[in-house]
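Have a look at the structure below, then the notes.
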Amino acid sequence: MGDSYQSYLGLLRELGGILEQLAQLAQDKAAVVRQDDLIGLDEVLKQEQAMTLNLRGLEQRRLKLAAQLGLSGTSLSDLPGRCPPELELQARQTVEQLLQGYEIYRGCADMARNLLELNLHQMEKTISAAGVDPASPGAGYQAPGVEPPKNMKTDFRA
Numbered sequence: 138m139g140d141s142y143q144s145y146l147g148l149l150r151e152l153g154g155i156l157e158q159l160a161q162l163a164q165d166k167a168a169v170v171r172q173d174d175l176i177g178l179d180e181v182l183k184q185e186q187a188m189t190l191n192l193r194g195l196e197q198r199r200l201k202l203a204a205q206l207g208l209s210g211t212s213l214s215d216l217p218g219r220c221p222p223e224l225e226l227q228a229r230q231t232v233e234q235l236l237q238g239y240e241i242y243r244g245c246a247d248m249a250r251n252l253l254e255l256n257l258h259q260m261e262k263t264i265s266a267a268g269v270d271p272a273s274p275g276a277g278y279q280a281p282g283v284e285p286p287k288n289m290k291t292d293f294r295a
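Residue 270 in my numbering sits at position 133 of the sequence shown, with consecutive numbering throughout.
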């Protein structure tokens, strides 16, 4: 049973590593936005998408392992109390690192989002100053009229 808990804690550490990488990508995103580098932004967004897919797979593994350990529905902060006594300190440290990593990621992601929104707002002002209404049809990107097949659509809220 201790090995299963060790595996679970290892998975949480792996999640923490992914969050660190996502935080770095958010910082990279902010840097390329500051440089007005659309190609660089596209590359960062592709990396970010790959990381989030990896994160989704890890979350599915975590849910399965949590169910095996009887930890389904257990909050992260309650985890150390549900672990065997010999792993409680290790669990507490893992949880603290994961929560800290998440806070760092949120801060970096919020900064990058705010910077993107600011630049988009500035672009709208520039377009408006040129005498074009950014909200009018044909004033911006027009999506192609072809719908992708249903099996190619993804519900990101799932």
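Yeah, the Cβ is synthetic: ideal placement off N, Cα and C, and Gly gets one too.
Cβ-based burial, residue i [other Cβ within 10 Å; buried from 16]
i	result
residue 183	exposed
residue 162	buried
residue 238	buried
residue 262	exposed
residue 167	buried
residue 208	buried
residue 295	Unreliable placement is indicated for residue 295, whose pLDDT of 45 sits below 50; the coordinate value is still reported in the next sentence. Answer is exposed; the Cβ neighbour count stays below 16.
Cut-off 8 Å between Cβ atoms - residues of its own chain near residue i, not counting five sequence neighbours on either side
i	result
residue 224	139, 142, 143, 146
Residues near residue i in its chain [Cβ-Cβ closer than 7 Å; skip 5 each side]
i	result
residue 228	146, 216, 217, 220
residue 206	141, 142, 145
C-alpha gap between residue i and residue j, whole angstroms
i	j	result
residue 200	residue 151	14 Å
residue 249	residue 154	20 Å
residue 176	residue 266	26 Å
residue 187	residue 195	13 Å
residue 156	residue 260	31 Å
residue 264	residue 251	20 Å
residue 214	residue 257	38 Å
residue 210	residue 203	9 Å
residue 243	residue 193	17 Å
residue 212	residue 198	16 Å
residue 174	residue 247	19 Å
residue 180	residue 222	45 Å
residue 296	residue 233	Nothing in the structure corresponds to residue 296, since the chain is present only between 138 and 295.
residue 254	residue 226	42 Å
residue 191	residue 268	44 Å
Proximity of residue i and residue j at Cβ, strictly below 7 Å
i	j	result
residue 159	residue 169	no
residue 172	residue 245	no
Contacts around residue i, its chain only, beta-carbon distance under 6 Å, and the 5 residues preceding and following it disregarded
i	result
residue 149	231, 235
residue 241	160
Enumerate, from N- to C-terminal direction, the unbroken alpha helix (DSSP H) stretches of 4 or more residues contained entirely within the stretch 174-219.
175-206, 216-219
Residue ranges of each alpha helix (DSSP H) run of no fewer than 4 residues wholly in the stretch 238-277, ordered along the chain?
none
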